[in-house]
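Student: Submitted below is the structure of interest, expressed as structure tokens.
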Amino acid sequence: MRRLASRSLRAIGIAAVAAVGIVALMRAHPAAQPAAAPAPPAATNVQHGKAVYDVRCIECHGATGQGDGPSAAYLMPRPRDFTAGKYKIRSTETGSVPTDDDLIATVRRGIYGSAMPGWDRILPDGDIADVVQYVKTLSPQFAQPPRAVRPSTATPSSPESIARGQQVYDRLQCAKCHGTDGRGAGAVATAFEDDWRQPLAAANLTEPWTFHGGASARDVYLRFRTGMMGTPMPSFADAASDAEMWDLANYVVSLARKPVWSMTADEVTAFYAQQDAEARANPIKRGEHLVDTLNCVLCHSPIDEKKRMLPGMRLAGGLRFRIEPFGEFPTGNLTSDKDTGLGNWSDDEIKRCITKGTTKDGVRLLPYPMDWASFSNMKPSDLDAIVAYLRTVPPVVNRVPKPRYTFLPMYLWGKFNMLILGGDPPITIYTGNAGTRGAR
Ligand code: HEC
Ligand code: HEC
Ligand code: HEC
């Protein structure tokens, strides 16, 4: 059980702003080089690194580095568990730890597509070098030296190199997970999990600004050459010659579509029209995307002690919130189970609940933790898509209890504390499943 003051929410806000800022900075300095290797770690560096860690990193990565900080429950992907020694962004062979330079570069620029902020404009280089030395002490794998890959000289991009790279893409069957077009068309595998059984999406190769490890040909080369440990993205070390891998990297870079921020007004209009058409053609996919990005999944799936989603319980409800002074609110089961989930709700009942906060039984939900008011002017087609998708979520039997409201005197005291004394309304998220799994 953990207590989350609204401090955590603020931290997430700050992290989000920092992340956006860093993306902007990267665009301004695309060729930014990682810092030079730090001096060999002295005990004082590690000690200082821990001090930096305890202030800056603990919120997400947790006091003992297990990726279970107070904010972790709100984040997808979850923060890294440093005790496992599995790193995605490396210039080293698969199975090896990253180099100091790899870690420093990651901490400096942050990880796109995640809450991990870029620290280069926040922390001085010395702090970054020291915190990296401290993070290394958290996993025994760092007793082995890193096995760095030695890439040959890059092949500059050209139409010929890109054409050869496309053949390598076909031969190595990247399309099985990334699709023939780099954005999932015809992919055989569409749902992925990391080693901690947390959901994960295969990168959209046409949107390189979302790549965790950077978008240059060298970054891309290193990702598939060395693999992304802890994820299904394999290493292709022996599958192709070095020259072929540079061609492949050039091909992947060539797949990039124009980002919205570089489009003209007409292009933006056309782009969104195309997205709308795709959403209409595949409402279930659109619905899944909305259910992920509107955080229905984060709130409606119970978590374990490490703040990880319980396996097999995606959208099965039972995550319990306590909100002072109002009471305790376990989230409902959104799977298609007829008895304990939404299987017996009509389409209109589900839509009314999402947009007006009124359940099938006519009970009015508080406007939080589920902020249904902000869902109230969703496009009808998006609401249809959410319902269409929820119908496809395999049934999980999980009977979730009703909310428990605080009794009146406590409620009044809580209100007084909040409104007159200016206290924050604290939110607690409990670990474990508040429901009864398997009970009809
Ligand atoms: C706001 C939350 C947050 C904070 C604060 C944060 N991180 Fe992270 N960090 C993450 C998340 C989320 C990931 C996982 C991203 C992923 O899997 O793509 C991550 C991943 C990492 C990784 C793994 C890189 C790899 O190759 O796999 C390192 C190293 C790291 N963080 C270091 C730090 C350090 C050092 C600090 C403090 C200076 C810090 N983080 C602060 C959220 C955070
Ligand atoms: C078994 C499925 C699978 C195959 C095969 C596969 N990938 Fe991936 N790939 C993934 C997944 C899953 C991710 C997302 C990892 C993450 O977000 O942590 C990914 C991520 C990536 C990324 C993003 C890197 C980053 O910095 O975030 C690139 C680039 C990439 N893959 C290229 C390739 C290429 C090129 C091939 C073929 C040589 C390939 N992949 C084959 C599953 C696969
Ligand atoms: C911030 C957390 C949060 C988010 C995000 C959230 N919900 Fe909820 N939801 C809750 C809580 C808590 C309840 C139960 C409230 C109560 O009983 O008073 C609930 C109740 C529901 C119910 C009623 C379930 C029942 O059995 O009575 C439905 C349906 C629902 N949510 C659907 C959704 C959908 C769809 C989304 C995404 C568009 C979503 N929720 C996003 C927290 C959340």
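If you count the sequence shown from 1, you need to add 1088 to reach my numbering.
Built from N, CA and C at the ideal position, the CB exists for glycine as well.
Quick one: what does DSSP say Y1493 is sitting in, helix, strand or coil?
Tutor: Strand at Y1493.
Student: With hydrogens ignored, establish whether the beta-carbon of V1348 is closer than 6 Å to any heavy atom of ligand 1.
Tutor: It does not: the Cβ of V1348 is nowhere closer than 6 Å to a heavy atom of ligand 1.
Student: Could you tell me the alpha carbon to alpha carbon distance between S1329 and I1372, rounded to whole angstroms?
Tutor: Roughly 40 Å between the two C-alpha positions.
Student: Excluding five sequence neighbours on each side, which residues of the same chain lie with their C-beta closer than 6 Å to the C-beta of A1161?
Tutor: These residues qualify, in order along the chain: I1391, K1395 and I1517.
Student: Is it the case that the CB of M1204 approaches a heavy atom of ligand 2 more closely than 6 Å?
Tutor: No, the Cβ of M1204 stays beyond 6 Å of every heavy atom of ligand 2.
Student: For ligand 2, I want to know if T1194 counts as a neighbour, meaning its beta carbon is within less than 6 Å of at least one of the ligand's heavy atoms.
Tutor: No.
Student: Please classify G1588: is it buried, with 16 or more other beta-carbons within 10 angstroms of its beta-carbon, or exposed?
Tutor: With the chain running from 1089 to 1528 in the structure shown, residue 1588 is simply not present.
Student: How many angstroms separate the CA atom of L1336 from the CA atom of F1170?
Tutor: Spanning the two alpha carbons is a distance of roughly 31 Å.
Student: Which same chain residues, not among the five before or five after V1111, have their C-beta less than 6 Å away from its C-beta?
Tutor: With a pLDDT of 36 at V1111, under the threshold of 50, the predicted position of this residue should be treated as unreliable, though the coordinate-derived value follows. Cβ neighbours of V1111 beyond the five flanking positions: none.
Student: Specify, as a first and last residue, the run of the beta strand (DSSP E) that R1408 falls within.
Tutor: Its beta strand (DSSP E) spans residues R1408 to I1411.
Student: Report whether the distance from the Cβ of G1511 to the nearest heavy atom of ligand 2 is below 6 Å.
Tutor: Flag unset: Cβ of G1511 not near ligand 2.
Student: Within a Cβ cutoff of 6 Å, which residues of the same chain sit near N1421, ignoring the five residues on either side of it in sequence?
Tutor: Only A1404, G1405, T1428, G1429, N1486 and V1488 meet the Cβ criterion.
Student: What are the start and end residues of each continuous beta strand (DSSP E) run of 3 or more residues lying completely inside the stretch 1389 to 1452, in chain order?
Tutor: 1408 to 1411 and 1415 to 1418, all fully within the stretch 1389 to 1452.
Student: Which residues mark the beginning and the end of the beta strand (DSSP E) in which Y1582 is found?
Tutor: The structure shown does not extend to residue 1582, since the chain is modelled only from 1089 to 1528, so the question has no answer here.
Student: Return helix, strand or coil for T1152, following the three-state DSSP convention.
Tutor: Coil at T1152, not helix or strand.
Student: Regarding I1391 and ligand 3, is the C-beta to nearest heavy atom distance less than 6 Å?
Tutor: Not under cutoff, so the answer is no.
Student: Does DSSP put E1295 in a helix, a strand or coil?
Tutor: Note: E1295 maps to coil in three-state DSSP.
Student: Specify the secondary structure class of L1509 as computed by DSSP and reduced to three states.
Tutor: The answer is coil: DSSP assigns L1509 none of H, G, I, E or B.
Student: Output needed for T1423: all residues of its chain with C-beta closer than 6 Å, excluding positions within five of it in sequence on either side, in chain order.
Tutor: Answer for T1423: L1403, A1404, G1429, V1481, P1483 and V1484, listed in chain order.
Student: Could you give the C-beta distance for D1282 and G1253, rounded to a whole number, given that I count them as a contact under 8 Å?
Tutor: Rounded, the Cβ-Cβ distance is 27 Å, inconsistent with contact.
Student: Quick check: the Cα distance between V1553 and Y1309, rounded to an integer number of angstroms?
Tutor: The displayed coordinates of the chain run from 1089 to 1528. Any statement about residue 1553 would go beyond what the structure contains.
Student: With a 10 Å radius around its C-beta and 16 neighbouring C-beta atoms as the bar for buried, classify P1165 as buried or exposed.
Tutor: The residue is buried, with at least 16 neighbouring Cβ atoms inside 10 Å.
Student: P1205: buried (16+ other C-beta within 10 angstroms of its C-beta) or exposed?
Tutor: Under this definition P1205 is a buried residue.
Student: Output the distance between the C-alpha atoms of P1247 and Y1339, rounded to the nearest integer angstrom.
Tutor: Roughly 9 Å between the two C-alpha positions.
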